[in-house]
Amino acid sequence: MTPPVPENLLALWSRLLFDSLAAAGVRDVVVSPGSRSTPFVLAAAAEPRLRLHSAIDERAAAFFALGQARVTGMPSLLLCTSGSAGAHYLPAVIEADQAGVPLLILTADRPTELLHVAANQTIDQRWLFEGYARRVVDVGAPDASPAALRGLRRLAAQAVALAQAPQPGAVHLNLRARKPLEPVAALSAAALALDAAVRALMAAPAAQVVVGRPAADDAAMATLAQRCLRARRGVIVAGPAPASQARARTAVARLQRATGFALLAEGASQLRFAGAQGVDGAALIDGFDWLYRLPAGDREWLPDLVIQLGAPPTSGAWERLLDRHGELERIVVAPTGWPDPHNSAAVLVQADIEHTCDRLAAMLARGRAQASEAPAFTALLAAANARARRVVDAQLQAQGDTLSEGAAARCVAAGLAPGSWLVVGNSLPIRLLDAYAGPCKTDLHVLSQRGASGIDGLVSGAAGAATVAASPVVLLVGDVSALHDVGGLALAAAARVPLVIVVVNNDGGRIFEQLPVARVADGDTMRRFTTPHGLDFAAAARLYRHPFERVATRPALQQALAAALGRNGCTLIEAQVPAHGAAEDQARIVAALAAPDA
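The numbering of the sequence shown is this note's numbering, which starts it at 257 and goes up by one.
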């Protein structure tokens with residue numbers, strides 16, 4: 257005879273799950289409303305170690321959770337009801353997969369007997385994130401057996417661990433719940449016994465997961481050292497990276513000194529805005545995107561060895577250089593994945609970047625007996641880089657107080673205090689940061705969404721970051737991206753620190769004016785790409801009750817930014833710039849750099 261199902265099984269099952277998730281380190285739960293998730297929301301709300309955040313829109317909720325994880329390094333938990341709700345998480349799950357950001361998803365589901373029989377709000381949710389989630393677990397219906405209870409506790413610890421390592425990403429738990437969904441009083445002997453069993457499990461210590469960092473063996477490190485010793489024109493290149501790469505700053509500086517190589521660091525690499533931890537200013541080449549647009553990039557400045565740390569740079573000029581020179585020797589160092597879209601790396605080292613740079617620097621310090629030509633090549637690059645800075649500075653100076661895309665990027669980067677979080681949007685903003693925010697001694701954390709490089713969820717992601725960061729968060733974003741995620745302004749109300757959203761409004765997606773399509777499409781066709789909208793953002797700020805400023809000059813942006821950073825909560829600043837300014841400024845700078853003297 258089958259034993260009776262305790263009437264409190266669903267409530268206690270849910271309680272045990274959220275106790276176990278909290279014990280494994282989860283602290284933030286982002287909840288979107290729905291009926292089927294009722295027992296899980298109640299259990300999460302009752303767990304004192306968890307912070308709950310409400311989000312009406314599941315897509316915004318998912319990017320909000322990603323923003324939190326990018327700051328904390330820990331997965332936030334997404335919680336939604338059954339049906340199509342979970343499908344809205346997919347864009348963020350793709351970004352988590354591509355960028356290596358930890359994420360947990362709990363989708364409430366209907367019992368299996370309602371599947372494929374036209375039951376209301378019931379779909380097959382098991383395959384929503386197929387190919388993008390690190391693991392999908394259809395947990396099934398609650399089970400009161402001791403083995404099942406222990407298994408649920410283990411599942412929670414395992415899910416949190418898998419979201420973080422060996423390759424961070426999303427883990428999806430699909431939990432089925434039968435009505436009644438609300439808690440009921442425990443009256444039967446079975447219910448009382450289950451309550452005692454769950455309490456005992458929660459009182460016992462949970463499993464602690466210890467994750468090591470990947471390391472290359474000594475023989476492989478010795479081979480890397482020999483390649484560096486042979487190089488005469490070596491460079492270290494760093495593309496967009498998670499905030500955790502800031503821990504590698506000292507190790508990268510040590511490697512740079514040991515090799516004599518230049519460091520080509522983009523703005524989102526965590527290595528350009530590094531303060532006192534960064535490399536010597538003369539070795540930091542922040543204008544490499546400008547340099548490799550020029551013919552001299554293929555002659556005078558072509559390296560003979562590249563050490564790539566993590567993802568490849570955003571720079572289109574660097575990408576085209578590698579396309580033209582597939583023979584260029586490259587060492588790619590990355591803890592996970594295969595970040596070599598050119599399929600031409602000579603060595604791929606799947607190891608921790610900080611640890612690898614430290615070990616390689618130590619080997620080179622012991623092994624470099626002969627004079628190296630690498631510092632001379634670094635000096636050559638540094639002189640070209642200084643010239644590029646002068647040209648960019650002259651272009652900005654010629655604009656006077658008029659605000660341009662480049663001036664906006666420079667003002668924002670220069671206006672932040674050490675330790676601030678700069679969130680940079682895709683399309684133009686991340687490229688503007690590289691091109692115009694030159695040498696900066698301020699220590700900044702830079703968050704970017706360069707996994708799948710989409711424009712979705714940027715406002716929501718910054719809002720999520722501002723709920724867990726201990727210092728101000730500033731988002732530099734384009735107008736199309738801001739409109740795409742305008743609903744994220746609702747989540748911005750949850751910011752616990754100053755959150756400043758600077759929308760660079762050039763009336764459309766002007767990145768397309770810098771792409772090859774601009775040379776072949778007529779004016780009317782180009783509008784299908786640039787999508788001019790003629791909108792301003794004052795009404796959006798008013799709808800979500802955020803302070804708002806519209807600026808059109810550099811002094812006005814500087815003043816508005818300073819004022820916004822002085823108060824908690826979200827402020828929206830609309831920076832109005834000429835519609836075609838970015839493409840025109842770029843053309844003038846490249847022409848000046850190509851001239852004999854600058």
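All C-beta atoms, glycine included, are put in the ideal place defined by N, C-alpha and C. Keep in mind the model is a prediction, meaning the values are calculated, not measured.
Distance from the CA of L689 to the CA of D699, rounded to the nearest whole angstrom, comes to 15 Å.
D699 carries a strand assignment under DSSP once its states are collapsed to helix, strand and coil.
Between L771 and L813, the alpha-carbon positions lie close to 28 Å from each other. Distances from the CA of N376 to each of P597, D365 and F385 were compared; the closest alpha carbon is that of D365.
Counting along the chain, G825 sits inside the beta strand (DSSP E) bounded by residues G825 to Q832. CA-to-CA, the gap between V759 and S704 works out to about 16 Å.
In this structure T294 does not touch C336 by the C-beta definition: roughly 12 Å separates them, more than the 8 Å allowed.
Beta-bridge analysis with DSSP links Q606 to A590. Taking a cut-off of 8 Å for Cβ pairs, the region 519–530 and the region 484–494 touch, as three or more such pairs fall below it. Around the beta carbon of N599, fewer than 16 other beta carbons lie within 10 angstroms, which makes this residue exposed. Rounded to the nearest whole angstrom, the C-alpha separation of V373 and D380 is 11 Å. For W594, the number of other beta carbons within 10 angstroms of its own is below 16, and it is reported as exposed. By the criterion of a C-beta distance shorter than 7 Å, R706 is surrounded in its chain by A355, P496, A524, A567 and T570, once the five residues flanking it on both sides are discounted.
Sequence-distant Cβ neighbours of A487 in its own chain, meaning closer than 7 Å and more than five residues away, are D560, L561 and A630. The Cβ atoms of A726 and G675 lie closer than 9 Å to each other. Along the region 691–748, the alpha helix (DSSP H) occurs as fully enclosed runs of 4 or more residues at 714–724, 735–740 and 744–747, listed in sequence order. In chain order, D712 place their CB closer than 6 Å to the CB of P347, counting only its own chain and leaving out the 5 sequence neighbours on each side.
Note that the C-beta distance between S276 and A413 is below 9 Å.
Exposure of H789 is indicated by the presence of fewer than 16 other C-beta atoms within 10 angstroms of its C-beta. Under the three-state reduction of DSSP output, L437 falls in the coil class, being neither helix nor strand. Of the candidates H309, G710, V297 and Y548, the residue whose Cα lies closest to the Cα of L268 is V297. Per DSSP, the continuous beta strand (DSSP E) segment holding E805 begins and ends at F804 to V807. Nearest neighbour of S332 by Cα position, chosen from E369, T378, P367 and A280, turns out to be A280. The criterion of a C-beta distance shorter than 9 Å is satisfied by G720 and V286.
The residue from L558, G572 and P422 with its alpha-carbon nearest to that of H581 is L558. Per DSSP, the unbroken alpha helix (DSSP H) holding N641 starts and ends at A630 to A654.
About 6 Å separates the beta carbon of D657 from that of P811, a gap short enough to meet the 8 Å contact definition. Beyond the five residues adjoining it in sequence on each side, G329 comes within less than 7 Å, by CB distance, of S500 in the same chain, given in chain order. In the displayed model, I492 falls within a strand according to three-state DSSP. When only Cα atoms are considered, G694 and R292 end up about 52 Å apart.
Beta-bridge pairing by DSSP links Q564 to V493 and V588.
Beta-bridge analysis with DSSP links N430 to T363 and D394. In the three-state reduction of the DSSP assignment, P597 falls in the coil class, being assigned neither a helical nor a strand state.
Annotation: the continuous alpha helix (DSSP H) that includes A348 extends over L346 to A355. DSSP places L371 outside both helix and strand once states are collapsed to three, so it counts as coil. Straight through space, the alpha carbons of A650 and L636 are spaced by roughly 22 Å.
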